[in-house]
Amino acid sequence: MNEFSLYFRYLRLNFLGGLQYQGWPLQMVGVFFTAIIDPIAVLILFSRFGAVGSWTADRVMLVYGLALTSFGFAELFSRGFDTFPWQIRTGAFDRILLRPRSTFLQVLGLRFQLNRLARVVSGLCLVGWSLVVQGVSLSFWHILQLLFALAGGYLVYTGVFVIASAIAFWTIEAVDWIYIFTNGSYQVAKVPPEFLPPWLRRTFTFFMPMLVCSYWPAAVVCGWGVSPLLGWLPLPAGVAFLGLALAAWRLAIRQYASTGS
Amino acid sequence: MSLIQLNGIGKTFYVAERPPGLLGALQGIFVRQRKAITALADISFSIDAGELVGYIGPNGAGKSTTVKIMSGILVPDSGTCIVAGRVPWQERVAHVAEIGVVFGQRSQLWWDVPVLDSFQLLRDIYRVSPTDFRRRLADLADILDLGQLLHTPVRQLSLGQRMRCELAAAMLHNPRILFLDEPSIGLDAVSKLALRSFLKALNQEQGVTMILTTHDMADIETLCQRVMVIGHGRLLYDGKLAGLKQQYAPERRIRATLASPCQLSELPGADSITISGNELVVDFQPAKIAPQTIIAALTAACPVSDLVVESISVDEMIARMYRDLSL
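Heads up: the protein sequence lines correspond to chains C and W, in order.
Going by my numbering, the first sequence wraps up at 266, each residue one higher than the last.
Going by my numbering, the second sequence wraps up at 328, each residue one higher than the last.
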């Protein structure tokens, strides 16, 4: 059995485990409501004050929807890394090292919760709604770019989880601020980039390329006057960021092998 | 060539230390005190295929560290370690496919799903063929009496039931080497006996090489021909349990029941005599005085209705040894 299908066996087992608990449909509803209520604050502000410059609510929601969906996918399929920092002290990683498979794959498959699908669904709804309201006509290439944007965003957020897990090998205390790059970063996507302080915009463009995977493809698809080439950047940016994260991860494993838990 | 060979293994951990309290925590930000803890100083031993070795020592002596090094989780600071022809941490994947590890305090099963689901995932992880898996599972289920347990979620199992499943899980891929880190911890008497007979059969019939760390001396007494004692990161004894007894528990104890009260303060050759109620206890050393001589003297002096000669319990012997070596 190859690593990929093994990963889905892991997910299946975790999924079945989750079903053992009565509360899972309720959880799903819960996450769904949070994701729906989340953009409402912005929508209310816009309905009160109208557009901010060229920025209307539906424009903002496209960028936000892309970021939210990517983050949702990462939470769905990379949840193992998301929860890993809190599992490492229990010796979970020793067990992983004792199995003749890639450590990356095993951590990825540590956890799977179907209720994380809720964020994906609400993110996709926002994207769809925004595109319809704006009356954007999508070409085949635009659809491809949007899919690549989600894929790139997924890789970026997975990369953030991986980096957090790598840090957790040294210290668990320093892991909380990683939320700036997960929940914090998709919240930032609610603010039109031109109103972001430059340092924040640069951080989320060049350091963690969240805006590359949300704002740029949105701008290209809707024709907000950026170079169409930028629409192809999300995937390479995502791959590069995850590559960086994996390098940190390998370093951390080497460190773990010499210190233990 | 032995199956497991350790030579001069050393391992030191560094623990960050900071003064207690809020002030200490603040101080800890700026000044990092690191304290070195030597877990293993210089460990060398070799184990042949088919051996079942008991590995004992007080808490914190370095038993688990040794097991972690042999299973490839930890890299030692110095020395060499070869297990089945490989350096464990250098060829992790190939190495761990050939060993099984059971941690008494941790589970390798998935908590929320029936045991069988975990086993099937382990089958896929270790690439066990479906036919081999069916056969091995049937064997293991039979010996360990798993039956109904296979369809029960792990969280609903008792500790004894879970340990039986853990053993099966560790053996599904048919490893040649099995490391057991305190497998009997917290088990009831019945489960302990089942564990021991399973390990014994596995070792004798299939020739699985085992290293067993435990605090239960009955485990050692029933299972291991060879014992290694570790303390302060060094190997203090490596040999037969009988040899350890000769060194640390040479004396015998006569436990006599008195038919009627009797005053006895001295017996030639006896180390000590204690009387409490109608029980009389005499310690002596067979090397100095023959048992029949001292028993004859005792029965001549006092009316004895019953009498047993016993050796010091292994627990007491080990406690004595730890004390002697100031562990």
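Backbone N, C-alpha and C fix where the C-beta goes; we use that ideal spot for every residue, glycine too.
Answer yes or no: does any C-beta atom of chain W fall closer than 9 Å to that of residue i?
i, result
"Ala156 (chain C)", "no"
"Met33 (chain C)", "no"
"Asn19 (chain C)", "yes"
"Arg14 (chain C)", "yes"
"Met215 (chain C)", "no"
"Tyr159 (chain C)", "no"
"Gly230 (chain C)", "no"
"Gly28 (chain C)", "no"
If you measure from the beta carbon of residue i to each beta carbon in chain C, is any gap under 9 Å?
i, result
"Val114 (chain W)", "yes"
"Gln34 (chain W)", "no"
"Phe104 (chain W)", "yes"
"Ile64 (chain W)", "Reading off the sequence, residue 64 (chain W) comes out as Lys, not Ile. Lys64 (chain W) does not count as touching chain C."
"Lys69 (chain W)", "yes"
To which residues of the same chain is residue i closer than 7 Å at the C-beta, ignoring the five residues directly before and after it?
i, result
"Leu252 (chain W)", "Note on residue identity: the sequence assigns Glu, not Leu, to residue 252 (chain W). Asp272, Asp284, Phe285, Gln286, Ile313."
"Val180 (chain C)", "Pro90, Ala169, Ile172, Ala173"
"Ala222 (chain C)", "Here the sequence assigns Pro to residue 222 (chain C), which means Ala is not the residue at that position. Only Leu71, Gln150, Leu151, Ala154, Gly236, Pro239 meet the Cβ criterion."
"Phe199 (chain W)", "Ile144, Leu145, Leu168"
Going along chain C in order, which residues have a C-beta closer than 9 Å to the C-beta of residue i?
i, result
"Val76 (chain W)", "Arg259, Ala262, Ser263"
"Asp182 (chain W)", "None at all; the shortest Cβ gap to chain C is about 10 Å."
"Ser72 (chain W)", "Asp99, Leu102, Leu103"
"Leu122 (chain W)", "Leu11, Arg14, Tyr15, Arg17, Leu18"
At 7 Å on the CB atoms, spell out the chain W contacts of residue i, in chain order.
i, result
"Arg321 (chain C)", "Any answer about residue 321 (chain C) is impossible in this case: the structure gives chain C only from 6 up to 266."
"Met6 (chain C)", "Asp125, Arg128"
"Gly96 (chain C)", "Arg107"
Ordered along the chain, which non-local residues of its own chain (more than five positions away) have a Cβ less than 8 Å from that of residue i?
i, result
"Pro77 (chain W)", "Ile10, Gly11, Lys12, Leu41, Ile70"
"Asp239 (chain W)", "Phe46, Arg227, Val228, Met229, Val230"
"Leu245 (chain W)", "Val228, Val230, Tyr238, Met318, Met322"
Starting from the C-beta of residue i, find all residues in its chain whose C-beta is less than 6 Å away, skip the five residues before and the five after it, and write them out in chain order.
i, result
"Ala253 (chain C)", "Ile168, Ala171"
"Ala260 (chain W)", "Pro304, Ser306"
"Thr187 (chain C)", "Val165"
"Pro30 (chain C)", "none"
"Val66 (chain W)", "In the sequence as presented, Val is not what sits at residue 66 (chain W); that position holds Thr. Closer than 6 Å at Cβ, skipping near neighbours: Lys12, Ala40, Leu41."
What residues match up with residue i in a beta bridge as DSSP calls it?
i, result
"Glu280 (chain W)", "W:Thr258, W:Ser277"
"Ala17 (chain W)", "W:Arg35"
"Ile231 (chain W)", "W:Leu236"
"Met211 (chain W)", "W:Leu53, W:Leu179"
"Asn8 (chain W)", "W:Thr81"
"Leu24 (chain C)", "Its beta-bridge partners do not exist; DSSP assigns none."
"Ile48 (chain W)", "W:Ile5"
"Glu311 (chain W)", "W:Arg254"
"Asp43 (chain W)", "W:Arg235"
"Lys241 (chain W)", "W:Arg227"
"Val102 (chain W)", "W:Phe180"
"Trp60 (chain C)", "C:Val57"
"Val305 (chain W)", "W:Leu259"
"Phe285 (chain W)", "W:Arg253, W:Ala271"
"Pro115 (chain W)", "W:Pro154"
"Arg100 (chain C)", "Partner(s): none; Arg100 (chain C) has no beta bridge."
Could you list which residues in chain C have their beta carbon closer than 7 Å to that of residue i, in chain order?
i, result
"Pro176 (chain W)", "Under the 7 Å cutoff, chain C gives no residues; its nearest Cβ is about 11 Å from Pro176 (chain W)."
"Arg137 (chain W)", "Chain C residues near Arg137 (chain W): none, gap ~17 Å exceeds 7 Å."
"Val94 (chain W)", "Pro105"
Taking only heavy atoms of the ligand GTP into account, decide whether any of them is closer than 8 Å to the Cβ of residue i.
i, result
"Gly248 (chain C)", "In the structure shown, the ligand GTP is absent, as is every other ligand, since no ligand is present at all."
Using a Cβ cut-off of 8 Å, pull out every chain W residue sitting near residue i, in sequence order please.
i, result
"Gln25 (chain C)", "Asp113, Val114, Pro154"
Run down chain W in chain order and give the residues with a C-beta less than 9 Å from the C-beta of residue i.
i, result
"Gly349 (chain C)", "Summary: the structure shown does not reach residue 349 (chain C), with chain C confined to residues 6 through 266, and so no result is reported for it."
Would you mind telling me which residues of chain C sit closer than 8 Å to residue i, beta carbon to beta carbon, in chain order?
i, result
"Ala98 (chain W)", "Pro105"
| query | Just checking, does the region 235–247 of chain C make contact with the region 143–162 of chain C on the three C-beta pairs under 8 Å criterion? | reply | yes
| Is the region 68–78 of chain C in contact with the region 122–139 of chain C, if contact means three or more CB pairs nearer than 8 Å? | Output reads yes: the region 122–139 of chain C touches the region 68–78 of chain C.
| said: Contact between the region 260–272 of chain W and the region 285–303 of chain W is defined here as three or more beta-carbon pairs at a separation below 8 Å; is this criterion met? | reply: yes
| So does the region 158–178 of chain W actually touch the region 54–65 of chain W, counting three or more Cβ pairs closer than 8 Å? | With a cut-off of 8 Å on Cβ pairs, the region 158–178 of chain W is not in contact with the region 54–65 of chain W, counting fewer than three such pairs.
| request: Tell me, please, whether the region 97–105 of chain C touches the region 215–233 of chain C by the rule of three or more beta-carbon pairs shorter than 8 Å. | output: Flag = no, the region 97–105 of chain C and the region 215–233 of chain C do not touch.
| Are the region 111–119 of chain W and the region 13–26 of chain C in contact at 8 Å, needing three or more beta carbon pairs? | yes
| Three or more beta-carbon pairs under 8 Å between the region 167–182 of chain W and the region 84–101 of chain W, yes or no? | yes
| field | Segment contact flag, the region 79–92 of chain W with the region 234–252 of chain W, C-beta cutoff 8 Å, min 3 pairs | value | no
| message | I'd like to know if the region 219–227 of chain W and the region 191–202 of chain W are in contact, where contact means that at least 3 CB-CB pairs between them fall below 8 Å. | response | yes
| request: Count the CB pairs spanning the region 36–46 of chain C and the region 149–157 of chain W that are closer than 8 Å, and state whether there are at least three. | output: no
| task | Could you tell me whether the region 193–203 of chain C touches the region 107–121 of chain C, using the rule of 3 or more Cβ pairs below 8 Å? | result | no
| query | Using 8 Å as the Cβ pair cut-off and three pairs as the minimum, do the region 202–216 of chain W and the region 87–96 of chain W touch? | reply | no
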